[in-house]
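The structure under discussion appears below in the form of structure tokens.
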Amino acid sequence: MKKILIPMIEAGGGHKMPALAIKEAIEELYPDQFQVDVIDFARECGANWDDKIIKGIWDFALARPDFTTSANRLIDSLNRLTRSNTVMKLFLQQFIHKGTRYILRYKPDIVFSTHFFCSSVALFARERYNLNYKIFSYMTDPIRGHNLWVNPRIEAVIVATKEAKEYLINQGMPKNRIKIKSFPLNKKFFQKVEKTREEILSELSLDISRKTLLATSGGQGIGETVEYVKSLYKSRFPFNIIVICGKNKEVFNELLSLKESGISDTPFAVLGFVDNMHELLEVSDLALAKGGASTTLEMLVKRVPTIFTHCAALHEKGNIDFFVNNEMGWYVRNKKEFDNIIDIILKTDILGRYKSNIEANEYVKTLPEAAYELAHFIVKELETPYKKRAKSRKAYLRAIVLGIRMNLHRLKSKNKRYRIRRK
Numbered sequence: 000m001k002k003i004l005i006p007m008i009e010a011g012g013g014h015k016m017p018a019l020a021i022k023e024a025i026e027e028l029y030p031d032q033f034q035v036d037v038i039d040f041a042r043e044c045g046a047n048w049d050d051k052i053i054k055g056i057w058d059f060a061l062a063r064p065d066f067t068t069s070a071n072r073l074i075d076s077l078n079r080l081t082r083s084n085t086v087m088k089l090f091l092q093q094f095i096h097k098g099t100r101y102i103l104r105y106k107p108d109i110v111f112s113t114h115f116f117c118s119s120v121a122l123f124a125r126e127r128y129n130l131n132y133k134i135f136s137y138m139t140d141p142i143r144g145h146n147l148w149v150n151p152r153i154e155a156v157i158v159a160t161k162e163a164k165e166y167l168i169n170q171g172m173p174k175n176r177i178k179i180k181s182f183p184l185n186k187k188f189f190q191k192v193e194k195t196r197e198e199i200l201s202e203l204s205l206d207i208s209r210k211t212l213l214a215t216s217g218g219q220g221i222g223e224t225v226e227y228v229k230s231l232y233k234s235r236f237p238f239n240i241i242v243i244c245g246k247n248k249e250v251f252n253e254l255l256s257l258k259e260s261g262i263s264d265t266p267f268a269v270l271g272f273v274d275n276m277h278e279l280l281e282v283s284d285l286a287l288a289k290g291g292a293s294t295t296l297e298m299l300v301k302r303v304p305t306i307f308t309h310c311a312a313l314h315e316k317g318n319i320d321f322f323v324n325n326e327m328g329w330y331v332r333n334k335k336e337f338d339n340i341i342d343i344i345l346k347t348d349i350l351g352r353y354k355s356n357i358e359a360n361e362y363v364k365t366l367p368e369a370a371y372e373l374a375h376f377i378v379k380e381l382e383t384p385y386k387k388r389a390k391s392r393k394a395y396l397r398a399i400v401l402g403i404r405m406n407l408h409r410l411k412s413k414n415k416r417y418r419i420r421r422k
């Protein structure tokens, strides 16, 4: 049985959810034909220190979006110096060594990665040990990525939109190594929800006669959304409010205390990490969110107009721009803008108009089949053998020059390890 390895890093849910959607699609279309494994690669291979660094940096970025946006611009401007292959060799050696050993034990027939660092580890292992498998990256930023995704030495980087392709080309990724495939989402977002609206709201002790607002800041629950939620609750907003705090226990406890204070009669449900997002979106009329890829596209699939309160970085701003430019959502930069939009929503039928815009959007119509198309693509690539790329004359000359320089260094070195023994 051939092995399909889908490595990712669980920094939030943006890399994990597409990976799981692809795995489920392969197993549904090709039952018992392939071994498909989705792994949190750095943690799974035992690179615990590097895993902590990568995830810690992401949490830091979520809490400081302005700084992260500036850092994104700097990363893009440095180009070759900030591609994942270079960054890993400089800062993530533990992940390279332990990830390579994991690859040698696992022996994949193909690697389909949803994180740029995972693609680099698979590439280093393939090149060092002369292994025969293809490597593909799926860029989980649908509209605008960042320079870490650029990797001309793998088979291809797959992107969700034409805009993302143009971005990678501008950053130096060869055109023939970029493919466009729509963003994969879990099939439950496209299936009919078994529970009724009344059942879902009643389970949360909410008012079935009111419209519902859903607020989330992604899996980590970090961001500015919570301040807007508190403001709405205190002002007795006439919708039900469902807030998802993710893994952030501090925010969860803070909002739970606010609910128990009884200062408002607005129906209020405070939740932690959830696995029924499809049900919660099904009963929602409006959402508050940050600009993460999976979250934004799930909102579109469920036809929920969204107010974006912040984005973690420049690549998430592209997702927000897609909503705003197509009149499917709003982006607020301060409390005054937020209050103005809420006032318009309460006094007009703008939610109905924005929902119609979502239903008519051509890209949204491609999403139901996206995971299945990627599943077919991966299996088709498995059927064709991996062909090693011939080294260019320039690469050979570079290797010769490097070898000569290393030998000269050894001859001049006083280190006993390099000393030539003469009889």
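Residue numbers (numbering that gives the first Met the number 0): 0 to 422. Glycine is no exception: its CB is placed at the ideal position from the N, C-alpha and C atoms.
Beta-carbon proximity list for residue i, same chain, < 7 Å, skipping 5 on both sides
i	result
K194	E278
C117	P6, M7, I8 and F40
L19	V37 and N185
Same chain only: Cβ atoms within 6 Å of residue i, ignoring 5 sequence neighbours per side
i	result
M16	S293
A46	Q93, F94 and K97
T295	N318
H114	M7, I8 and H14
F424	Not covered by the structure: residue 424. The range shown for the chain is 0 to 422.
P367	F189
R434	The chain is shown from 0 up to 422; residue 434 falls before or after that span and cannot be answered.
R404	none
Where the beta strand (DSSP E) through residue i begins and ends
i	result
D36	F33 to D39
K178	I177 to I179
P64	Here P64 belongs to no beta strand (DSSP E); instead the alpha helix (DSSP H) covers P64 to L77.
G328	G328 to Y330
I157	A155 to V158
T305	T305 to H309
Three-state secondary structure (DSSP) of residue i
i	result
N146	helix
N131	coil
P17	helix
L270	strand
K316	helix
F111	strand
Y166	helix
Y137	strand
I56	helix
L373	helix
A214	strand
Contact set for residue i: own chain, Cβ-Cβ below 8 Å, skip 5 residues either direction
i	result
I207	R196, E197, L200 and S201
Y29	A374 and V378
R100	C44
K301	F188, H277, L280, E281 and S283
K54	I8, E9 and A10
S355	none
A312	A60, P64, T67, T68, A70, N71 and H145
Test item: CB-CB of residue i and residue j under 8 Å
i	j	result
I288	V242	Just to set this straight, residue 288 is Ala in the shown sequence, not Ile. The answer is no: Cβ separation not under 8 Å.
K1	F33	yes
A155	D140	no
V269	L255	yes
G328	Y353	yes
Residue range of the unbroken alpha helix (DSSP H) whose run includes residue i
i	result
L287	No alpha helix (DSSP H) contains L287, which is instead part of the beta strand (DSSP E) from L285 to K289.
A292	A292 to V300
M87	S83 to F90
I357	I349 to A359
I199	R196 to E202
Count Cβ pairs between the segment 68–86 and the segment 147–158 that sit closer than 8 Å; are there 3 or more?
yes
Taking contact to mean 3 or more Cβ pairs, one atom from each stretch, closer than 8 Å, check whether the segment 337–352 and the segment 162–179 are in contact.
no
Does the pairing of the segment 236–248 with the segment 179–191 give three or more beta-carbon distances under 8 Å?
no
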